[in-house]
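Engineer:
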Amino acid sequence: MKITTRLWPQNLAILLSLSTPLSAAVTGESTQITVINNLNGYTVNQGELVTFTAIQFTGNKIDKLFTTQVPEQVAKKARVIDADGKTMLPGLIDAHGHVLGWGLNLMRTNLRGSQSEDEAVTRTVKFRKLNPKLNWVQGRGWNQVLWPEQTFPTAAALDKHFPDTPVWLRRVDGHAGWANSAAMKLAGIDRDTKSPKGGEIIRTKAGMPSGVFIDNAMSLISKAIPDLSVAEQETVLKAAMTDLARLGLTSVHDAGVSSNTIAAYKNLANKDEMPIRVYGMVAAGDPNFASIMARGPYHHDSGMLDFSSVKISSDGALGSRGAALIEDYSDLHGHKGLLLHSDKQLKSYMLTAMKAGFQVNTHAIGDHANKLVLDSYEALIKQTGTKALRHRVEHAQILRLVDIPRFAELGVVASMQATHATSDKNMAEDRVGSNRIKGAYAWHKLLKANAVIAAGSDFPVESANPFFGLHASVTRQDHHNQPAQGWYPDEKMTMTQALNSFTVAAAYSAHQENTIGQLAPGMNADFILIDHDLVKDNPQTIWQTRVLETWINGTKVFDIEP
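Residues -24 to -1, 1 to 538 (mature numbering (1 follows the signal peptide of the UniProt record, and there is no 0)) are what the sequence shown spells out, left to right.
1) Among Q32, G174, A486, D140, which has the Cα closest to the Cα of M160?
2) Alpha carbon to alpha carbon, what distance is there between R253 and D39?
3) I think W78 touches L220, with their Cβ atoms under 8 Å apart; what is that distance to the nearest whole Å?
4) Taking the C-alpha atoms as reference points, what is the distance between M330 and N16?
5) Return the first residue and the last residue of the beta strand (DSSP E) that T19 is part of.
6) Using the beta-carbon count (16 or more within 10 Å), is L106 buried or exposed?
7) For I534, name the three-state secondary structure that DSSP assigns.
8) To which residues does DSSP link residue 547 through a beta bridge?
9) Along the alpha helix (DSSP H) that carries K161, what are the first and last residues, could you check?
10) Under three-state DSSP, which class holds F334?
11) Quick check on G298: does DSSP put it in helix, strand or coil?
12) Since I288 and M326 are thought to touch, with beta carbons under 8 Å apart, how far apart are those beta carbons, to the nearest angstrom?
13) Please name the residue, chosen from L122, D230, S227, T218, that lies closest to D94 on a Cα-to-Cα basis.
14) Quick test of your reading: D230 and G256, contact by CB under 8 Å. State the CB separation rounded to the nearest angstrom.
15) Measure the C-alpha to C-alpha separation of A216 and V286 and round it to an integer number of angstroms.
16) Helix, strand or coil for S284, going by three-state DSSP, please let me know.
17) Hey, which unbroken runs of the alpha helix (DSSP H) at 4 residues or more fall wholly within the segment 38 to 126?
18) Taking the Cβ atom as the reference point for each residue, do H344 and K323 lie within a distance shorter than 8 Å?
19) Need the endpoints of the alpha helix (DSSP H) that H420 sits in, please.
20) Cα separation between L76 and F283?
21) If you reduce the DSSP assignment to three classes, tell me which class R368 lands in.
22) Name the DSSP bridge partner or partners of V254?
23) Tell me the DSSP secondary structure of D149 in three-state form.
24) Checking the sheet assignment: what are the DSSP bridge partners for A416?
25) So what's S289 in DSSP terms, helix, strand or just coil?
26) Which runs of the alpha helix (DSSP H) spanning at least 4 residues fall entirely within the segment 180 to 244, listed in chain order?
27) Which of the three DSSP states is assigned to Y274 in this structure?
28) Assuming G445 is part of the alpha helix (DSSP H), what are its boundary residues?
29) Can you tell me which of the three DSSP states G409 falls into?
30) Rounded to a whole number of angstroms, what is the C-alpha to C-alpha distance between G493 and P129?
31) Are three or more beta carbon pairs between the segment 454 to 472 and the segment 391 to 403 nearer than 8 Å?
32) Distance, Cα to Cα, R88 vs F444?
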């Protein structure tokens, strides 16, 4: 399938047209001294909030922060920019996202927030009318928990409008997909198709595939969709990174990258066309996984691209009941979720990566998956002597209370996404009950136990807007300020803790705390200017923050008023 911009929604084509000049950000070779004055500046250092009124940088490195008036002798030598009292923050870091997925979402139907199966179908029909030449109609974002019946959709609803065109719509969490009959026919799926290990084909009462595929079963459909070429992936990645810079992200940890996508990233880095920094996690299931491990960690000379970690998925997601629990789901007795790998395979991936010098980042949502991952880490870290690699648990969502102290004890980072809590609050306690919820989305308990929390969003599962995550961190509320006191408010973060999780801690989780994550002499000049004072303004308005400028390596890569 050949992708051309004329088949894409207009906003993606615009992003592509804006992305080219951003390549200047990777050089940082200028010796020009720049001072940005009249700032309301914040950064976090050693867990404490630091304020400043001006910043000086030469090329791509910060020289000094000022808390008083900039000396006249400094100003005479520098290019001086008046910030007019705007708030400056370090460039924000998303410690868990999917960059290719974000870019692809720009060319697919958006089902996020749809309130019924019918609305999701209607949105898909409208998208098709705007993009009539696409061979497959794809989308993402439906969530049956928001629908009146709270039941999974069916192929029949799509078949009325798409009798011949294959349709594949991924659930908001990416752990389930909804196909029409044309897609199932192309994929060779019928009554006799069996669910793969670690996956489930939802069936009708008559035993036929209903159109919904959970976790590993999703590959039965996705394998029938033509792959993007490396060149096409370059285009999508670049558009996605340009959009992420617009949102105030200067660095992203890309969770689970295939060898083809790695090649696309390397091509972009070699051409100086990386709009933002990417810390990539090699997908453990990639066919070339062994050879990538044999070559060892990869660091591009520009400092814009790094592949020195591995992403493994141990279980599914809570919303689709794929998260692996120790006891039955509270709202579905007899069901404990799905483990995506055998214990032997899980440990094999971990051991191979650790021996090759890669950080291991394992997706674990259910308490069973988290316990298994921590148990495996404990044994294998001791065997390989790799505690210093700062292995991570991605999501760390439902934890046994006894497992919370193990993060600090093992030197394991909790890579968590605050907006998952505010998105899941309507169904999470139904899934796990009033007892297990005490160890769910447990940010305060983890911090109190000295764990490092690296914040992210898991985009495109959630919005990549980091101010949504900062808002959720400090309020535990949705955008309607509900619940009034916050959902399980004892687990809130302070503003300093939240900002730390999106900056210093996220950089630490990628072994980059000496170059990015805070504004201080010697650090890279990655920062943003915003229209809110996050510290002094009403916390309930944080999600409404607008990014005015984004700078990377001392170069402006986004300006709301170009």
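Don't be surprised by glycine CBs; every beta carbon is placed ideally from N, CA and C. All values reported here derive from a predicted model rather than from experimental measurement.
Structural biologist: In short, the structure shows the following:
1) D140
2) 21 Å
3) 7 Å
4) 43 Å
5) 16 to 21
6) exposed
7) In the sequence as displayed, the identity of residue 534 is Phe instead of Ile. Three-state result, F534: strand.
8) Given a span of -24 to 538 for the chain in the structure shown, any question on residue 547 remains unanswerable.
9) 157 to 162
10) coil
11) coil
12) 7 Å
13) L122
14) 5 Å
15) 21 Å
16) strand
17) 48 to 53, 75 to 81, 93 to 106
18) no
19) 419 to 424
20) 15 Å
21) strand
22) V228, L281
23) coil
24) I374
25) strand
26) 195 to 198, 206 to 222
27) strand
28) 442 to 451
29) helix
30) 43 Å
31) yes
32) 15 Å
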